[in-house]
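A short write-up of the structure that comes next.
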Amino acid sequence: MATNGPVQEEKINTDIITLTRFLTEEQSKHKEATGDFTLLCHALQFSFKSIAYYIRRATLINLTGLAGSSNTTGDDQKKLDVIGNDLFIAAMRSSGKCAVLVSEEEEEAIYFPEHEGARYAVACDPIDGSSNLDAGVSVGTIFGIHKLPEGSKGTKEDLLKPGTELVAAGFTMYGASAQLVITMKGSTVNGFTMDNALGEFILTHPNMRMPKSRAIYSVNEGNSLYWEDSTKEYFNSLKYPTQEGGKPYSARYIGSMVADAYRTLLYGGIFAYPADKKSPKGKLRILYECAPMAMVFENAGGQALDSKMNRLMEVVPAHIHDRSGIFMGSYDEMEKVKSFHNSQYSSSPNPTILQPTNLHTMAVFNTNTTSFTSCSSGHEFPDVQSILSLPMDISTVFLPGAAASIPPLPIAALPTLSTWL
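FYI, the numbering for the sequence shown is 2 to 422, going by the working numbering.
Structure follows, in C-alpha cells:
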C-alpha cells in the first residue's frame, strides 16, 4: 500500500511493570517489611485470575443461572457466586498470611487457626453484581485488607473498625478485560490490566486521579419512589437545572457497583446508592463494599459519604454485614452534595420539636437536626446511644415518627426500638 512519506514505527514498551514487580518494589521501600503483605496480595491476585477465567467461560461450561440458594444478606446466589467464594477461601487458606476472612457469601467469619502468626484479615465481596452475569454485563470483586492488632489471633471484631484502619483496598472488574485497581494506606491508586497471553496483571493506569468535576450521575432511579425528599430534590436539581443556560447532568447506570464505580473513577461525576424508606440503613455493605471503595476514591482525590453526609471512611460497622447508604465521586461534585444537603436542612422555616408529654420526659427529638435534646440542660445528643449515658434520674424519652403516638418509654427500652428512628 502506497504511503506519503516515511512510516514511523510504533514503539513497543518492553519495560513492563507486572503486579508482582509492583508489589515487590513497594515492599522494598519499607525496611521493616516482612513480605507477609506481599504474599497475601499474591494470593489475592491468584483468586482474581481464577475468577476472571471462570467468568470468561461461564456460558460455555454452564456456570450462568442460579445456584438454588441465597446468601446471608438475602441475595439469590448465582453459580459463580459460590465458585468465587470457594476460590477466595482456598486462596486465603493457601496464603498462610490470612487469619480471618469475611465474605458476603458467608454468614459468619471464616478462621484459619492453622495460620499461626498470621497478621492480616480480609473482607471481600467475591462477585459483586452477579445478577448481571447472564447478560454478560461487567461484574467485579471488592476487597479490603486489615492488619490485626498486636497479639490478636484474629476475630471478626478485629474488622469492625472504620475504613481509616484499612491497610489496602481495591477491586477487580471483569469485563472486556480484567481490570484491577488497588491502593494502600496513604498511597496512590494504581490500575492494572490482565494480559491473558502473559497471564499477568500489567500496570496500565499508574497514579490514578479523578477529575475534580464532571456532570455525570450514576444512581438507580427505579428506587426514587422510596427516596427521602432531600434525595429526590438533589437528583432533580441535576436533571432540571434552575440557573439560566444550565445543562442537565448525563445519567450513566450499569447496575454493577464495580463497573459504575470504575467508570466514575476514570471519568468523574458521582455514584450513589442512598438509604431510602425501603432500606433505611442503605443496601450496600460497609465492610466489603463501601469502605474499600471509599478508600480508593479518597486516595484518587475524590470523596465518599454516607446518606447522613458523614465521611464513609470514619463509619464503624456494627456487625460484619452492616449496611450503609453511599455517595462517592469527584471532589467538587461531592462538595455540591454536601452543600445541597446542608441547605435543605437549614432552610426549613419551622423546625419541628416534639415536646415532652409529661414531666417525666426529659429529652425531646428535633426532626430538623435529627438529634435529641435534654430538657434540663439543653445539651444535644446526636443519637439514641448517646442518651444511654444520661444520668439515671432521666429515665424516659419521647420517640419521633412511628413511635410518636405511644407514651414516653424507659431509656432501657431504646436499644430495641432504635430501628424506629
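In this text, a Cβ means the ideal position worked out from N, Cα and C, and glycines have one as well.
All figures in this text were calculated on a predicted structure; none of them were measured in a lab.
Quick one: what's lysine 461 bridged to in DSSP? Since the displayed the chain opens at 2 and closes at 422, residue 461 lies outside it and no answer follows.
If you reduce the DSSP assignment to three classes, tell me which class aspartate 129 lands in. Of the three classes helix, strand and coil, the one that applies to aspartate 129 here is strand, per DSSP.
With contact counted as at least three CB pairs below 8 angstroms, one residue from each stretch, are the segment 194-209 and the segment 157-168 in contact? No, the segment 194-209 does not touch the segment 157-168.
Could you check what DSSP says for alanine 260 in three-state terms: helix, strand or coil? Note: alanine 260 maps to helix in three-state DSSP.
From the DSSP output, which residues share a beta bridge with glutamine 180? DSSP output for glutamine 180 lists Met174, Thr194 as bridge partner(s).
Please classify valine 423 as buried or exposed, where buried requires at least 16 other C-beta atoms within 10 Å of its C-beta. Because the chain in this structure spans residues 2 to 422, residue 423 falls outside the shown range and cannot be described.
Check whether the Cβ atoms of aspartate 261 and tyrosine 227 lie closer than 8 angstroms to each other. For aspartate 261 and tyrosine 227, no; Cβs fall outside 8 angstroms.
Look at the alpha carbon of serine 238 and the alpha carbon of valine 297, and state the distance between them as a whole number of angstroms. Distance between the alpha carbons of serine 238 and valine 297: 27 angstroms.
Could you give the DSSP three-state label for isoleucine 17: helix, strand or coil? Isoleucine 17 falls in the coil class under three-state DSSP.
If distances are taken between C-alpha atoms only, which option among Tyr55, Glu108, Ser280, Leu102 comes closest to glycine 85? If we check each option's Cα against that of glycine 85, Tyr55 comes out closest.
Measure the C-alpha to C-alpha separation of arginine 22 and threonine 39 and round it to an integer number of angstroms. Cα atoms of arginine 22 and threonine 39: separation of roughly 10 angstroms, rounded to the nearest angstrom.
Which two residues bound the contiguous alpha helix (DSSP H) that contains serine 219? Serine 219 -> not in any alpha helix (DSSP H); beta strand (DSSP E) instead, spanning 217-219.
Using only the alpha-carbon positions, how far apart do isoleucine 17 and valine 123 sit? Computed Cα separation, rounded: 29 angstroms.
Could you tell me which residues DSSP puts in a beta bridge with glutamate 201? Residue pairing by DSSP places glutamate 201 opposite Asp196 in a beta bridge.
Specify whether the segment 299-307 and the segment 244-259 touch according to this definition: at least 3 beta carbon pairs, one from each stretch, less than 8 angstroms apart. Taking a cut-off of 8 angstroms on C-beta distances, the segment 299-307 does not touch the segment 244-259, as fewer than three cross pairs fall below it.
With respect to 7 angstroms, is the separation between the Cβ of threonine 21 and the closest non-hydrogen atom of the ligand ATP below this value? Inclusion of the ligand ATP in the displayed structure is not the case, the ligand content being empty and no account of it being possible.
Can you list, in chain order, the residues of its chain whose CB lies under 8 angstroms from that of lysine 279, leaving out five sequence neighbours each side? If the five residues before and after lysine 279 are omitted, its C-beta is found closer than 8 angstroms to the C-beta atoms of Asn224, Tyr227, all from its own chain and listed in chain order.
Could you tell me whether the segment 181-198 touches the segment 305-312, using the rule of 3 or more Cβ pairs below 8 angstroms? Taking a cut-off of 8 angstroms for Cβ pairs, the segment 181-198 and the segment 305-312 do not touch, as fewer than three such pairs fall below it.
Exposed or buried, tyrosine 241, counting other C-beta atoms within 10 Å across all chains shown (16 or more means buried)? Exposed, by the Cβ-count rule.
Going by CA-CA distance only, name the one from Phe144, Ala91, Thr156, Asp129 that's closest to glutamate 109. Measuring from the Cα of glutamate 109, the nearest candidate turns out to be Thr156.
Closest by CA to tyrosine 289, which one among Lys148, Thr205, Pro318? When each option's Cα is compared against that of tyrosine 289, the closest is Pro318.
Where the alpha helix (DSSP H) through lysine 233 begins and ends: Start and end: 230-240.
First through last residue of the beta strand (DSSP E) which encompasses tyrosine 55: Per DSSP, tyrosine 55 belongs to no beta strand (DSSP E); it is in the alpha helix (DSSP H), 37-57.
Exposed or buried, which one is aspartate 129 when buried takes at least 16 other CB atoms within 10 Å? Per the 10 Å Cβ criterion, buried.
My output table needs one value for glutamine 345: the three-state DSSP class, helix, strand or coil. Of the three classes helix, strand and coil, the one that applies to glutamine 345 here is helix, per DSSP.
Valine 83: first and last residue of the uninterrupted beta strand (DSSP E) it sits in: Bounds of any beta strand (DSSP E) do not take in valine 83; it lies within the alpha helix (DSSP H) bounded by 80-96.
Which term fits glutamine 46, buried or exposed, when burial requires 16 or more other beta carbons within 10 angstroms of its beta carbon? Counting every other CB atom within 10 Å of its CB across the protein chains shown gives glutamine 46 a total of 16 or more, marking it as buried.
Counting C-beta neighbours from all protein chains within 10 Å, is the total for lysine 334 16 or more, i.e. buried, or is it exposed? Residue identity differs from the one stated: residue 334 is glutamate in this sequence, not lysine. Per the 10 Å Cβ criterion, buried.
Could you check what DSSP says for glycine 187 in three-state terms: helix, strand or coil? Coil.
With DSSP run on the structure shown, which of helix, strand or coil describes glycine 283? For glycine 283, the secondary structure class from DSSP, reduced to helix, strand or coil, is coil.
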